[in-house]
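These protein sequences, in sequence, are chains Y and F. Here my numbering is used: the first residue of the first sequence is -15, the next is one more, and so on. Here my numbering is used: the first residue of the second sequence is -15, the next is one more, and so on. Note that the Cβ used here is the ideal one computed from N, Cα and C, for glycine as well.
Number of protein chains: 2
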Amino acid sequence: MPDEFTVTPWEVRGQVDYDRLVTQFGTERITPPLLDRIQKAAGELHPMLRRGVFYSHRDLNWILDEHSKGTPWALYTGRGPSSGIHIGHMLPWFFTKWLQDRFGATLYFQITDDEKFLFKDFEDLGQATKVGYENILDIIAMGFDPKRTRIFLDTEYIHHLYPIAVEVAKRITFSTTQAVFGFEKANNVGEIFYTSIQAVPCFLPTAEAGREVPVLIPCGIDQDPHFRIARDVAPRIGYPKPALIHNKLLPSLLGPGGKMSASVPESSIFTTDSLKDAKKKISNAFTGGRATVEEQRRLGADPTFCSVFAFYNFVFEPDDRHLAEVERTCRSGERLCGDCKLELWGKVEGFLRRHKEAREKAKDRVEDFLVRD
Amino acid sequence: MPDEFTVTPWEVRGQVDYDRLVTQFGTERITPPLLDRIQKAAGELHPMLRRGVFYSHRDLNWILDEHSKGTPWALYTGRGPSSGIHIGHMLPWFFTKWLQDRFGATLYFQITDDEKFLFKDFEDLGQATKVGYENILDIIAMGFDPKRTRIFLDTEYIHHLYPIAVEVAKRITFSTTQAVFGFEKANNVGEIFYTSIQAVPCFLPTAEAGREVPVLIPCGIDQDPHFRIARDVAPRIGYPKPALIHNKLLPSLLGPGGKMSASVPESSIFTTDSLKDAKKKISNAFTGGRATVEEQRRLGADPTFCSVFAFYNFVFEPDDRHLAEVERTCRSGERLCGDCKLELWGKVEGFLRRHKEAREKAKDRVEDFLVRD
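Right, here's the structure in full:
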């Protein structure tokens, strides 16, 4: 029996059973026939699809139907600016970039500085907004198409968001937020209202275009509860329900039992980590290795809960054949954890160098992406 | 013992005991020494002060202290655009105009279209905004100084309001809204959040000026609960507490037991009523008269719960001596209800004609008062 776990947009605790989440949240599994459809439409399958990192969805068939009819549709994802960006935050961004490249969709990228102020220990709102601007550099560094990407901070774009947010808010009771998020009477009224703001970009493309624009949201499965509410409300306020595609959360470098957390810097690689710090984190990462080299050579190791293998599998090894080889030689004892860490570091180092450079250049490009008016 | 009554920002029911409200809400009564201070500072006393229509306050002495030191302070009042404007809505506006004239204060006038959408049967937000624009014509027609008056609709000015609103919202729990407003779990999350928006203009003058600007809020006592919360939050987010001055609610033309209501058109005179309709409403008004003329001549009448007398007393008869004479001759039986109604109509007709004309002219002046950017 799986351990107990909790997944909400603000807390992930315990060893997550992703199969059980599909049942609990009422989403659908991405099946082989659906993968076929995506492959046909996109011309290829992203590794995160092939490997089940993106594993669950809502109404993805509808997006593919509309795409095949030539209907323009939009992408929506977001960032809660509580801290710097780590690899875990980027999972949906890598995938969203691929979707944008393959399908040519316009991307709405929401920076929820209001949320992070309301739910976090920030003393004033400006601190969250400031972190938001830092995070935007990482988003731009991903390589999104500036012509098709609109990044906005909630507090600066609120005049576009609020009129739709109150339409949403009118259809959500406190009871619903209790049932969906586990809120209590001691929650603050900003937290209670907030989901209405996160719902808005589901509807904004339609509101702006004056005709139905389907929206697909790539996001961590932990964000699904917001959009379950948004989907309930959508038909009651005259908008199409947003579709979703959900990823599993990248495990912590420190081992199983929870997603990466900015409050535990060792748990992931941050884009602002020095190369030295990043290398040290990988050296210290939890693996599926044995107590001694001798034992491991003899019995082999187990990649199942290995953080290093997860980093390969989720992000850093696009080549399925090489990944299979890594797994085989790990299990056989040919490969040691030190080998894996060294190879992973080579990949992470390359990524970090390129990302840091792109992030630096992004400082001059913020206005190409940010929408305010 | 007084009958049971309810006073919240959204509902006034039963025969209001205004003395008991002072205790219940924890406000202070306007005492003769305070009236003296106001008279000295203003050079006169507004009839609504002399007659106790404005009868309760919070920290009014502080405003007068600051005024005597030459500190600039601001006025803040508002309008929830649920319907057309009746005389009852205008009570605080007449008084606010007098305060602006006498003290030269800048007036922040909030139009809460979001609130009225969230709490009322409007099907979409645009309907509330539209009523808001109609109401703005009535506000401008009051004769406020365009150089010192900033009218704004919540949904159009939200980019200035929202950053402060979330600072407020973070310090209010659902429990507080239950205790103060009687909210339940079935309330929508927009209603629950809303008081954070109504709090903002308490703090906006200080935020804009970058230094402490005292704010005085003239409003119906029914609005006090919002500002009790705003005052609790103020020091925790670095703003001065707003001061308040509260009016009693103008009785219905149909008799005691509730304020005027737009859902009962006969209960008040609306600025958009035709002269014919307005006259008819006054003819049909509830009075303190006797069953027959003969009886009234013999026994006199009672102005205590007379709607016509209330209209004189609250608004339409600034001359204390004449008001006293009306009361005396009513009680003695010299004056009949028909006499009072005819005289009142003369005053109301004059007011309506002037207001309608000013309201028509206001259509070209909206941009002189409205702030959006």
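Taking 8 Å as the cut-off, the Cβ atoms of F:P147 and F:V115 do not count as close.
Per DSSP, reduced to three states, the secondary structure at Y:Y141 is helical.
The Cβ neighbour count for F:S40, taken over all protein chains shown within 10 Å, is at least 16; the residue is labelled buried. Judged by DSSP in its simplified three-state form, Y:H339 adopts helix. A check of alpha carbon separations from F:F101 across F:W329, F:T113, F:Y92 identifies F:T113 as the nearest. A Cβ-Cβ distance of about 4 Å is found for the pair F:S251 and F:S236, placing them in contact under the 8 Å criterion. Here the alpha carbon of Y:M32 sits roughly 9 Å from the alpha carbon of Y:F78. The C-beta distance from Y:V37 to Y:N231 rounds to 5 Å, short enough to fall under 8 Å. Put simply, of Y:K131, Y:I142, Y:H306 the residue whose alpha carbon is nearest the alpha carbon of Y:R356 is Y:I142. Around the beta carbon of F:S180, 16 or more other beta carbons sit within 10 angstroms, so the residue counts as buried. Residue pairing by DSSP places Y:G204 opposite Y:N231 in a beta bridge. Interface annotation, Y:Q182: not in contact with chain F, CB-CB separation never under 8 Å.
In terms of CA proximity to F:A153, F:E175 leads the group F:R132, F:R134, F:L137, F:E175. The C-alpha of Y:E327 is placed about 22 Å away from the C-alpha of Y:E341.
Y:R220 and Y:Y60 have their C-alpha atoms some 21 Å from each other. Y:N268 counts as exposed, since fewer than 16 other beta carbons sit within 10 angstroms of its beta carbon. For F:K100, the closest Cβ of chain Y is not nearer than 8 Å.
Straight-line spacing of the CA atoms in Y:N45 and F:D206 works out to 53 Å. The DSSP assignment places 158 to 165, 173 to 193 as complete runs of the alpha helix (DSSP H) inside the segment 158 to 215 of chain Y, in order along the chain (cut-off: 4 residues). Straight-line spacing of the CA atoms in F:V299 and F:D208 works out to 22 Å. For the pair F:F9 and F:R212, the CB atoms are nearer than the 8 Å cut-off. Taking the C-beta atoms as reference points, Y:F335 is found no nearer than 8 Å to Y:I124.
Taking a C-beta cut-off of 9 Å against chain Y, the contacting residues of the segment 156 to 177 of chain F are I156, T157, F158, S159, T160, T161, Q162, F167, E168, K169, A170, N171, N172, V173, G174, E175, I176, F177, listed in chain order. Judged by DSSP in its simplified three-state form, Y:P76 adopts helix.
The alpha-carbon of Y:I71 is positioned some 6 Å away from that of Y:I253. Residues of the same chain with a CB within less than 7 Å of the CB of F:W57, apart from the 5 flanking positions on each side, are I47, E50, H51, A89, V197, P198, V199, L200 in chain order.
Close partners of Y:P235 in chain F (Cβ separation under 9 Å) are lacking, with about 32 Å as the shortest Cβ gap. Here the C-alpha atom of F:L137 lies approximately 9 Å from the C-alpha atom of F:D98. Chain Y has a Cβ within less than 8 Å of the Cβ of F:H143. Going by C-alpha positions, F:Y178 is about 10 Å away from F:T96. Taking C-beta separations shorter than 7 Å and ignoring five residues to either side along the sequence, the partners of Y:R35 in its chain run N297, following chain order. Here DSSP, grouped into helix, strand and coil, assigns Y:E107 to coil. Residues H41 of the same chain have their beta carbon placed closer than 6 Å to that of F:E12, with the five preceding and five following residues left out of the count. As computed with DSSP, Y:Y60 is found in a beta bridge with Y:Y92.
When the alpha-carbon of F:R274 is set against those of F:R315, F:V217, F:P226, the nearest one is in F:R315.
Annotation: Cβ neighbours of F:D108 in chain Y (cutoff 9 Å, chain order): E151, I221, G222.
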